[in-house]
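Residue numbering for the sequence shown follows our numbering, starting at 130 and increasing by one per position.
Glycine included, each C-beta is placed from N, C-alpha and C at the ideal position.
Values in this document were obtained by computation on a predicted structure and should not be read as measured data.
The block underneath contains the structure these notes are about, expressed in structure tokens.
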Amino acid sequence: MERDIAEASVPTRGSPEPQGPHGRVAPGRRHAPILTVPDELADVEPVALTGNFWVSLPDLDPATGAARSVGIVSETARGLIEFTGAPEPESTTDRATHGEGPHARPRGDRPSGPPVGEPDGPTGPLLVPVVTWEGRRIWPPEPAPSPGTPTRPPAEAEGPGVRPPRRAPHYMAGWIPRWFIPLPVMPGLLLELTWLAPVDQRGFAVRARLILHPASPPGASQASRGAQRGPEAPLAPPGAGDRPPAPALIGLRPAAAEPVPPALRLGLLVRPGAVFRTVYHRRPLPGSQGPRPHRWTRTLVWEAPGAAPLGALALRSGPGDEPAAGGAAGTWVFWARPGDGELVVYGGVAPEGDGAAATAVHLARVGWDVLFGQTVGWLAARDPFRSQAVPEAGSGPHAPLAHWPGAPPATPSPRHRPPGAPLPSLARPAAVPPTTPYAPAVPGATPAADAPPAGDATERAARRRSGLARAVAAGLLDEGEADELAERVRRNLWFAVFFAHARTVDREGWVHLTSRSPRYYVSGAHWTRDSLLWAFPAVLAADRQLARQLLVAAFDRYTLYPGEHSQYLDGTVLYPGWELDQAAAWPLSLARYVRATGDASVLDEPAVARGVAAALQAAEARRDPATGLVATFLMPSDDPAPRPFLTYANALYAQALAELARVLSTSTAQRPAAAEATPHPAPAAVRCDPSWAAWLEARARLTRHAVLRHCVVPGPWGPQFAWAVAGPEGADAVLYDEPPGTLELLGPYGFARRQPDDPVDVEAVYANTVRWIYSQHNPFGPPPGPFATPTCPHARHPWLLSVAAGLLAGRPEYLAWLARAPMDGGWACETVDAATGEVRTGPAFATCAGFVSWAALVALESLGREPDRGEGSPHGRGQDTGTPGP
């Protein structure tokens, strides 16, 4: 979770040199710690995004619907590969310097360098849907020729030479962005634009259609939106003036069946720029030759340069018409045929050009309708609220395209549902024909046949919907906010699933990473904490089989150096520094998976047995014999630890050992007996037999008792947990807390639950600690403002991770926080402004999106199950998160 690489020494006042008990400055450190912290951003332009496990579209322009980049993951490059667009004319695209670009500059009077994430200057749109009339482009507006053209026009200004206003797209099934764009000089005519990243396909597709907007669009009222809720009718937040009314579902014949005047043309403009490699930060790959026509497949192929290509992108129109040269040098245009009101372009990716071209052909053969139905069916079957209807590929909210003068009458297609016809149930996703060899990789055995079925998914979804209703009844949310919260949870869940995980284009292996978006300031790298403690619970809540695949792949790839600060995508060390909470994430995530699924067969995976043993060995090698505590070098913020023994990290480790011991004990009775052994100091491989379970339980008790004996110190309201200690009996204790590993999580994670042999009243100690975190005694407590949360020196603004921890600990008021804060255009980010709720650091934080969406689901389930929230009070032990939802 370390952010940015610009080193900064934090001043003494408000520094991570935390305080001792009752506010005394803790002695023992001569120098301020060295931190690598994020830049603070201002006026970050929101983006739209989508993707699948093979390809990412992380930067869709909300004003025009253009794609600024296409991303893949290369194992050879150990990072992200991005195909980006050429910079636009300076007169209209210096948005980053005015705070409008997707990588806004740091706050301050003088920018110290190029925009964040763009070390060699800004990029421009790569794939631009265009509409022309009689050879003149009417969409998007042509760049202004005058250097005096304003770059931030009023929202109502739209026309030639003026940047269009932002339009938030609708997300079908919470993940497929679609725009309805009124076309200038064509009253009533809309451009419908949809970007689709088909699940389990090595590519993407974009569809542009011309349709007529009816005079009174159905579903423009809030009542209609509530009555026809579905993936094609997402809900707008209160006051979202830039979002058009969400229309109801009405049958729509394909626009291609309605001839349009030959003078009106649809196209996709290709504007190739640089190819970037991203590990933490972008850097251009030298030697890119740009796209070239691939005559055999009628595609346009662009290879990432290298001794051998690091990846390739190929584009092809549906019917296979070759692209024409664009008006500017090096640009290309895919045109719809004269008279067609629809254009579909497919993009394939592969390790090199021929494979990318063949993949684009394959996608065109499968066709838009099948790809769309497959993807919506996949998403709908895993929807966290199970309340959406599944649209057909040709369905939509608007009336069919009216006949142009002289056009023959159109014959309705039997493939499309007539207006008012019922939609298929979400419980019956569309069947997917076997059109692709790219089935999900399954490293190892599938879940055991006797594993509990996912039938309780429907029950959990019902509880979540009930939780939303109870939140409205209790006054926590109004109806519009409840709708917006559900949509944000859904979108951030998919954001975590698809942007915190990927399959490499060259070796097809699974990788775990902070984010696949270059907008996040340390994207393209692995943090075990981020992947297993934050993103993995969200994946487990969405798809158990996918969770197994990703868990086994993580053990196989990232346990060579368990607990190490940050790793390259291949598992080697990127940023050194050992962290106990990251080592603890391995046994804890394994135990959580087995508890949630009943699938103990995962313990037989060699990578899992070796990996969890490696994590235990790394931790036990750092155990202090005098205290029984385990030392760490870095804190959960990835900043240096002020004292060697962190309370949160040791408590997390104790809980992980205890939960894994229970899992092994439960599984032993159902499995063949293994040879007896007495592991010391840690096992070389973990097996399901009594000796390993007993060893884990003994180490869990040792660690728990060490925390309760040595990490409890006097506080303003009585005994409380210290953040860190230097030795026995709270020696040189530090009072402090930070959102990436807040002590508030000790309640929902189960450590603060009273046990018979505890030497102290752990529940009272926990309550005093949480009270301190939110009080004025904490120098990094919540600042003034409607979007306040606890902060820390790593980023001195409210954290989304604090929101997630608060929700897990029983603070339902954070549900309204999530519904109201703008964040990063509704996507999870690292921190926000306390007054405005807008992103201040870390936009496009995919693993955080997983933690926040999972925490919101847990909180909603709690509200839906328990009308009386006594145990979920802010000072109670919070929700039991030991078993995430299916």
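Item to check | Arg658 classed as buried or exposed, judged by whether at least 16 other C-beta atoms fall within 10 angstroms | outcome: In the sequence shown, residue 658 corresponds to position 529, counting from 1. Residue environment: Arg658 is assigned as buried (16 or more neighbouring CB atoms within 10 Å of its CB, all protein chains considered).
Checklist entry - In the DSSP assignment, what residue or residues form a beta bridge with His906? => result Here residue 906 is taken as the residue at index 777 of the sequence shown, counted from 1. DSSP output for His906 lists no bridge partner at all.
Item to check | Straight-line gap, Pro526 to Arg296 (C-alpha atoms, nearest Å) | outcome: Here residue 526 corresponds to residue number 397 of the sequence shown, with the count starting at 1. Here residue 296 corresponds to residue number 167 of the sequence shown, with the count starting at 1. Because the pLDDT of Pro526 is 36, which lies under 50, any placement of that residue in the model is unreliable, and the number read from its coordinates should be weighed accordingly. Rounded to the nearest angstrom, the two C-alpha atoms are 17 Å apart.
Checklist entry - Which residues bound the beta strand (DSSP E) around Gln696? => result Stepping through the sequence shown from its first residue, residue 696 is reached at position 567. Bounds of the beta strand (DSSP E) holding Gln696 are Glu693 to Gln696.
Next on the checklist: Can you tell me where the alpha helix (DSSP H) holding Arg592 begins and where it ends?
Outcome noted: Counting from 1 along the sequence shown, the entry for residue 592 is found at position 463. Per DSSP, Arg592 is one residue of the alpha helix (DSSP H) stretching across Asp585 to Ala602.
Checklist entry - How would you write the range of the alpha helix (DSSP H) that Gly706 sits in, first residue to last? => result Reading the sequence shown from its first residue, position 577 is the one you call residue 706. Gly706 -> not in any alpha helix (DSSP H); beta strand (DSSP E) instead, spanning Val702 to Trp707.
Checklist entry - So what's Tyr650 in DSSP terms, helix, strand or just coil? => result Here residue 650 refers to the residue found at position 521 when the sequence shown is read from its first residue. DSSP places Tyr650 in coil when its eight states are reduced to three.
Checklist entry - Per the contact definition of three or more C-beta pairs closer than 8 Å, is the stretch 496-508 in contact with the stretch 600-615? => result Not touching, per the Cβ criterion.
Checklist entry - Should Val968 go down as buried or exposed, given a rule of 16 or more other Cβ atoms within 10 Å for buried? => result The residue given as residue 968 occupies position 839 in the sequence shown. The C-beta of Val968 has 16 or more other C-beta atoms within 10 Å across all chains shown, which makes the residue buried.
Next on the checklist: If I follow the unbroken alpha helix (DSSP H) through Arg994, where does it start and stop?
Outcome noted: As a working note, residue 994 is residue 865 in the sequence shown. According to the DSSP assignment, Arg994 belongs to the alpha helix (DSSP H) that extends over Ala975 to Arg994.
Next on the checklist: Per the DSSP calculation, Ser198 is bridged to which residue(s)?
Outcome noted: Translated into positions along the sequence shown, residue 198 becomes position 69. Answer is Thr213, bridged to Ser198.
Checklist entry - Beta-carbon separation of Ser695 and Tyr687 under 8 Å? => result The residue labelled residue 695 in the question sits at position 566 within the sequence shown. The residue labelled residue 687 in the question sits at position 558 within the sequence shown. Cβ atoms of Ser695 and Tyr687: not closer than 8 Å.
Next on the checklist: Given this structure, state the Cα-to-Cα distance separating Ala950 from Phe309, to the nearest angstrom.
Outcome noted: Locating residue 950 in the sequence shown gives position 821, where the first residue counts as 1. Locating residue 309 in the sequence shown gives position 180, where the first residue counts as 1. The alpha-carbon separation between Ala950 and Phe309 amounts to approximately 25 Å.
Checklist entry - Which residues in the same chain as Ser931 place their Cβ atom closer than 7 Å to its Cβ, once the five residues preceding and following it in sequence are excluded? => result Reading the sequence shown from its first residue, position 802 is the one you call residue 931. Within the same chain, Ser931 has close Cβ partners Pro868, Thr871, Thr918 and Pro919.
Checklist entry - Is Gly332 helix, strand or coil by DSSP? => result Here residue 332 is taken as the residue at index 203 of the sequence shown, counted from 1. Three-state result, Gly332: strand.
Checklist entry - Below 8 Å between beta carbons: does that hold for Val894 and Arg883? => result The residue labelled residue 894 in the question sits at position 765 within the sequence shown. The residue labelled residue 883 in the question sits at position 754 within the sequence shown. Their beta carbons are not under 8 Å apart, which means Val894 does not touch Arg883 by this criterion.
Checklist entry - Which residue from Leu398, Ala437 and Gly396 puts its Cα closest to that of Gly416? => result Against the sequence shown, residue 416 aligns to sequence position 287. Considering only alpha carbons, the answer is Ala437.
Next on the checklist: For the pair the stretch 441-449 and the stretch 482-499, tell me if three or more CB-CB distances fall below 8 Å.
Outcome noted: Judged by Cβ distances under 8 Å, the stretch 441-449 makes contact with the stretch 482-499, as three or more pairs qualify.
Checklist entry - What do you reckon, are the CB atoms on Ser72 and Ala683 nearer than 8 Å? => result Outside the displayed span of the chain (130 to 1015) sits residue 72, for which this structure offers no information.
Checklist entry - According to the neighbour-count rule (16 or more other Cβ atoms, all chains shown, within 10 Å of its Cβ), is Gly1005 buried or exposed? => result As a working mapping, residue 1005 is identified with position 876 in the sequence shown. In this predicted model, Gly1005 has a pLDDT of only 43, less than 50, meaning its place in the structure is not dependable; the value taken from the coordinates is given anyway. Around the beta carbon of Gly1005, a 10 Å sphere encloses 16 or more other beta carbons of the protein chains shown; the residue is thus reported as buried.
Checklist entry - Do Thr252 and Gly470 have their C-beta atoms closer together than 8 Å? => result By one-based count along the sequence shown, residue 252 stands at place 123. By one-based count along the sequence shown, residue 470 stands at place 341. Taking 8 Å as the Cβ cut-off, Thr252 and Gly470 do not qualify as a contacting pair.
Item to check | Where Val389 falls: helix, strand or coil (DSSP) | outcome: In the sequence shown, the residue the question calls residue 389 occupies position 260. DSSP places Val389 in coil when its eight states are reduced to three.
Checklist entry - Measuring CA to CA, which of Ser595, Thr832, Val399 and Val260 is closest to Glu995? => result Here the question's residue 995 lines up with position 866 in the sequence shown. For the residues Ser595, Thr832, Val399 and Val260, the minimum Cα distance to Glu995 belongs to Ser595.
Checklist entry - When DSSP labels each residue in this structure, what does Ala787 get in the three-state scheme? => result Here residue 787 refers to the residue found at position 658 when the sequence shown is read from its first residue. Ala787: helix per DSSP, three-state reduction.
Item to check | Neighbour-count burial assignment, Gln905, 16 or more Cβ in a 10 Å radius | outcome: Position 776 of the sequence shown, counted from the start, is the residue given in the question as residue 905. Exposed, because fewer than 16 other Cβ atoms sit within 10 Å of the Cβ of Gln905.
Checklist entry - Val107: which of Ser652, Pro843, His342 and Leu622 sits nearest, CA to CA? => result Coverage of the chain is limited to positions 130 through 1015, which leaves residue 107 absent and any answer about it impossible.
Next on the checklist: Does Ala804 pass the burial test, meaning 16 or more other C-beta atoms within 10 Å, or should it be called exposed?
Outcome noted: By 1-based counting over the sequence shown, the position of residue 804 is 675. With a pLDDT of only 37 at Ala804, under the threshold of 50, the placement of this residue in the model should not be trusted; the figure read from the coordinates follows. By the neighbour-count rule (16 or more Cβ atoms within 10 Å), Ala804 is not buried but exposed.
Checklist entry - Where does the unbroken alpha helix (DSSP H) through Pro735 begin, and where does it stop? => result Residue 735 sits at position 606 when you count from the first residue of the sequence shown. Run containing Pro735: Pro735 to Glu749, per the alpha helix (DSSP H) assignment.
Item to check | Nearest-angstrom Cα separation, counted from Val389 out to His342 | outcome: Walking along the sequence shown from the start, residue 342 turns up at place 213. Walking along the sequence shown from the start, residue 389 turns up at place 260. Cα-Cα distance, rounded: 15 Å.
Checklist entry - Helix or strand or just coil, what does DSSP make of Ser820? => result On the sequence shown, position 691 is the one that residue 820 refers to. In the structure shown, Ser820 sits in a helix (DSSP, three-state: H, G or I).
Checklist entry - Among the residues of its own chain, which have a CB less than 6 Å from the CB of Phe880, if the five just before and after it don't count? => result Sequence index remark: in the sequence shown, residue 880 carries index 751 (1-based). So the qualifying residues of the chain are Ala780 and Gln784.
Checklist entry - Are the stretch 300-308 and the stretch 448-458 in contact at 8 Å, needing three or more beta carbon pairs? => result The stretch 300-308 vs the stretch 448-458: no contact.
Checklist entry - Between which two residues does the alpha helix (DSSP H) harbouring Ser644 extend? => result Within the sequence shown, the letter at position 515 stands for residue 644. Looking at the DSSP string, Ser644 is not in any alpha helix (DSSP H), and its letter there is neither H nor E.
Next on the checklist: Do Arg620 and Pro187 count as a contact pair if the criterion is CB distance below 8 Å?
Outcome noted: Against the sequence shown, residue 187 aligns to sequence position 58. Against the sequence shown, residue 620 aligns to sequence position 491. Cβ atoms of Pro187 and Arg620: not closer than 8 Å.
Checklist entry - Thinking C-beta only, is Thr756 closer than 8 Å to Leu709? => result Here residue 709 corresponds to residue number 580 of the sequence shown, with the count starting at 1. Here residue 756 corresponds to residue number 627 of the sequence shown, with the count starting at 1. Taking the C-beta atoms as reference points, Thr756 is found no nearer than 8 Å to Leu709.
Next on the checklist: Could you tell me the alpha carbon to alpha carbon distance between Val462 and Gly208, rounded to whole angstroms?
Outcome noted: On the sequence shown, position 333 is the one that residue 462 refers to. On the sequence shown, position 79 is the one that residue 208 refers to. One C-alpha to the other measures close to 30 Å.
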